[in-house]
Amino acid sequence: MLKVEALQQSVDLISTPVAAEVSTHATTKPAGSMAAQFETLLLSTEDNITTICLNRPQKKNAISVMMYSEIIEALRLAGKDESIITVITGSGDYYCSGNDLTNFVTTKVTRSRVEQTDEEFLSMFRDFVRAFIDFPKPLIAVVNGPAVGVAVTLLGLFDTVYATDRATFHTPFTKLGMFPEGCSSYTFPRMMGAAKASEMLLFGRKLSAAEAREQGLVTDVFPDSTFQAEVWRRLKAYAQLPRNSLVLSKQLMRSHYREKLHAVNDRECEVVAGLQQSEECMNAVVSFLQSKSKL
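All residue numbers for the sequence shown refer to the numbering used here, where the first residue is 21 and numbers rise by one.
Put into structure tokens, the structure is as follows:
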């Protein structure tokens, strides 16, 4: 049986504060007017575009519990404002390194709270994915660097995905004793076929930006040196299109499989709930954190 002490040591090691790295690939997006204040996000609106920027660059934009909650709220606000399109991107060198595993294993340390904490987290995660499924406007991912885990699997719920040529896409769920999330068990086979989806989701094959485009995960890829300029030029042109037409067109396209996505999300959360209670998952996560702490 996995020792609680070993689990706590892993959390302590990997949670040691680190200085924020100086990025050579800082996100250059319109500053805009701030729609709301968040601790882990930058939310702004300019030129009919609402931008949600993941803002934990010192942690490679890993999604903490707070960030999950704030993304839900940011999507709610963006869905109701007067902008035409909504963009999600990351600050610093990474788009997003996926779920912050230190938050996950911390819930395991206090055994008396684990069931309640896991139930609350999974309920929030279910709502998190629902916010993407039900988002009413065109939602575009601007992948400014490597993407890992749920940051990748969620891309199947975006309407368009643009990536820099230095981006990579990695879904190491089974290595961590976990299960793919974000409706990817449905969207990935639908986009790239069962064999390619299995190679990525089951066996953790990392894709380059060019490979992701070939397999339908990414819409277009741009050279890193011109990525921001080219993408934002295109986005500003999209933001001049008629708002109601875009919204109604998206709703019609999504209506054919919206119920299916909700059912998939519910089922994935059920499977994740079972796996997170397993010793296999806990051992895999701790092993990963311990190896990471030695780097």
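We treat Cβ as the ideally placed atom computed from N, Cα and C, and that holds for glycine.
DSSP places Val241 in the uninterrupted beta strand (DSSP E) bounded by 240–242. Within the stretch 178–226, the runs of alpha helix (DSSP H) at least 4 residues long that lie entirely inside it are, in chain order, 204–212, 214–221. Under the DSSP assignment, Thr109 falls in the beta strand (DSSP E) whose first and last residues are 105–110. Under the three-pair Cβ rule at 8 Å, the stretch 187–195 does not count as touching the stretch 267–275.
Contact check for Gly176 against Tyr115 fails: the beta carbons are separated by 8 Å or more. The DSSP-derived three-state label of Glu66 is strand.
The C-beta distance from Ile105 to Ile69 rounds to 6 Å, short enough to meet the 8 Å contact threshold. When rounded, the separation of the alpha-carbon atoms in Phe208 and Glu66 is 32 Å. Ranked by Cα distance from Asn81, the options Pro262, Phe141, Phe247, Gly112 are led by Gly112.
DSSP places Ala161 in the uninterrupted beta strand (DSSP E) bounded by 159–163. Residue environment for Met273: exposed (fewer than 16 other C-beta atoms within 10 angstroms of its C-beta).
The beta-carbon distance between Gly224 and Thr194, rounded to whole angstroms, is 6 Å. This is short enough to meet the 8 Å contact definition.
When C-alpha distances from Gly110 are compared across Gly99, Val163, Tyr88, Lys79, the shortest belongs to Val163.
Going by beta carbons, Ala94 and Phe141 fall outside the 8 Å limit. Proximity to Met211 across Asp154, Thr239, Leu196 peaks at Thr239, based on C-alpha coordinates. With 16 or more other Cβ atoms from the protein chains shown falling within 10 Å of its own Cβ, Lys79 counts as buried. The C-alpha of Cys289 lies about 8 Å from the C-alpha of Phe145.
Within the same chain, Asp67, Asn68, Ile69, Ser103, Ile104, Ile105 come within 8 Å of Ala259 by CB-CB distance, once the 5 residues on both sides are set aside. DSSP places Gln271 inside the alpha helix (DSSP H), whose first and last residues are 263–275. The three-state secondary structure of Ser245, taken from DSSP, is coil. In this structure, Thr173 places its C-beta atom within 8 Å of the C-beta atom of Glu201.
Counting of Cβ neighbours within 10 angstroms places Asp147 among the exposed residues, the total staying below 16. Taking the C-beta atoms as reference points, Val292 is found no nearer than 8 Å to Tyr182.
Around the beta-carbon of Leu159, 16 or more other beta-carbon atoms lie within 10 Å, marking it buried. Around the beta carbon of Arg278, fewer than 16 other beta carbons lie within 10 angstroms, which makes this residue exposed.
If you draw a 10 Å sphere on the C-beta of Glu299, you find fewer than 16 other C-beta atoms in it, and that means exposed. Closest option to Val149, judged by alpha-carbon separation, among Met86, Ser204, Ala215: Ser204. If you compare the alpha carbons of Lys256, Leu237, Glu234, Leu196 with that of Leu222, the shortest gap goes to Leu196.
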